[in-house]
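J.: Here the sequence shown is numbered in UniProt numbering, starting from 1 and rising by one per residue.
C-beta atoms are modelled at their ideal positions from N, C-alpha and C, and glycine is treated no differently.
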Amino acid sequence: MKKRWSLIAVLILSLLLLSGCAEVECHLTINKDSSADVQYKFGINSGLLSLLSSEGENPLETMRRDAESQGYKVVSYSNDQITGIIASKHFKTLEEATNMKNLFINADNQANIKGETPLRIEKGFFKDRYFLDGHIDLTDMKEKPEDELEGLGNAMLSQIKMRFILTLPYKATNHNASSVKDDGRTLEWQLIPGMDNKIQVDVEVPNIRNIILCVVGGILVLIIVGAAIVVSRKKRKTSTGGSDKISEGL
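1) Please report the distance separating the alpha-carbon of K32 from that of A87.
2) Return the residue from the list Y40, T83 and L166 that minimises the CA-CA distance to L51.
3) So what's S35 in DSSP terms, helix, strand or just coil?
4) Does the region 182-202 come within contact of the region 58-72, defined as at least 3 CB pairs closer than 8 Å?
5) V24: buried (16+ other C-beta within 10 angstroms of its C-beta) or exposed?
6) Going by C-alpha distance, which of I192, L187, Q159 and G194 is nearest residue 257?
7) Could you spell out where the beta strand (DSSP E) holding R129 opens and where it closes?
8) Could you check where the beta strand (DSSP E) with R120 kicks off and where it finishes?
9) If I'm right that P193 touches M162 with Cβ under 8 Å, what's the distance once you round it to whole angstroms?
10) Between which two residues does the alpha helix (DSSP H) holding A67 run?
11) Could you have a look at residue 280 and say whether DSSP puts it in helix, strand or coil?
12) Which class does D183 belong to by DSSP, given the choice of helix, strand or coil?
13) Taking buried to mean at least 16 other C-beta atoms within 10 Å of its own C-beta, is N197 buried or exposed?
14) Hey, out of L94, P59 and G43, whose CA is closest to S35's CA?
15) Cβ atoms of A172 and W189: under 8 Å apart, would you say?
16) Can you check which of these residues, H175, K127 and N58, is closest to S46 by C-alpha distance?
17) If I measure Cβ to Cβ from Q39 and keep anything under 6 Å in the same chain, skipping five residues before and after, which residues do I get?
18) What does the alpha-carbon distance come out to for the pair H135 and E122?
19) Whole angstroms is fine: what's the gap from I160's alpha carbon to D202's?
20) Go to L52, then tell me how far its alpha helix (DSSP H) extends in each direction, as first and last residue.
21) Please report the straight-line C-alpha distance between E55 and F164, rounded to a whole angstrom.
22) Please tell me whether L132 and Q200 are closer than 8 Å, where the distance is taken between their beta carbons.
23) Apart from the five residues on each side of it in sequence, which residues of its chain come closer than 6 Å, Cβ to Cβ, to N174?
24) Exposed or buried, which one is F42 when buried takes at least 16 other CB atoms within 10 Å?
25) In the DSSP assignment, what are the bridge partners of Y77?
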């Protein structure tokens with residue numbers, strides 16, 4: 001049995017040296033109507049996946065079943081030497097999308113996002129402020145010194161590419177993202193396996209409805225004031241004309 005596992009370990013290590021082991025990506029898109037779209041991307045080295053499948057384990061199929069049971073739409077993809085799945089779901093509210101109960105990877109995955117809901121919202125009349133302050137804790141992925149094949153496990157961690165992407169309807173005010181694109185609306189964090197990764201974002205969203213109401217209200221006030229001025233002038237002209245006629249009669 002030990003010889004068998006040693007052989008498997010050597011094969012896995014060889015695959016790791018040849019190419020990336022896996023890629024994990026979470027993309028959260030916040031829409032202007034406060035709804036949200038969540039997309040997860042999981043990919044594994046095709047050779048490693050074939051080896052795991054021959055041993056009766058297919059992590060992609062397990063993830064597919066978990067995702068579909070939570071209402072996610074799942075499609076397969078393949079590029080270069082990576083085979084994986086993409087799970088997508090639309091949420092009516094941002095609060096629903098960031099609730100830990102709706103993250104199908106949270107229950108069984110070693111990655112853990114600390115806190116019930118890392119999102120805080122401050123409602124204002126002209127604008128709302130959204131604060132995302134959380135930790136994607138991946139420290140449990142790191143092998144303990146007493147674990148078997150510790151070196152292999154740590155070698156695998158170094159070959160896993162993990163990213164968290166956040167697309168906003170407006171430019172972020174403050175953030176600690178690794179990179180930014182789309183004029184500050186799309187933020188990307190490069191997550192480090194085996195580490196506690198901090199995610200911080202502060203964005204101000206205009207309350208369009210209230211702004212429009214104020215603009216419309218202001219226009220109505222101007223119309224009313226203008227109409228009052230016109231009526232007042234007409235009354236003055238009428239009054240002045242009447243006084244002139246009385247003077248001529250005298």
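T.: By the coordinates alone:
1) 22 Å
2) T83
3) coil
4) no
5) buried
6) With the chain running from 1 to 250 in the structure shown, residue 257 is simply not present.
7) K127 to D137
8) L119 to E122
9) 6 Å
10) P59 to S69
11) Summary: the structure shown does not reach residue 280, with the chain confined to residues 1 through 250, and so no result is reported for it.
12) coil
13) buried
14) L94
15) no
16) N58
17) H27 and S88
18) 21 Å
19) 28 Å
20) S46 to S54
21) 31 Å
22) yes
23) D202
24) buried
25) G84
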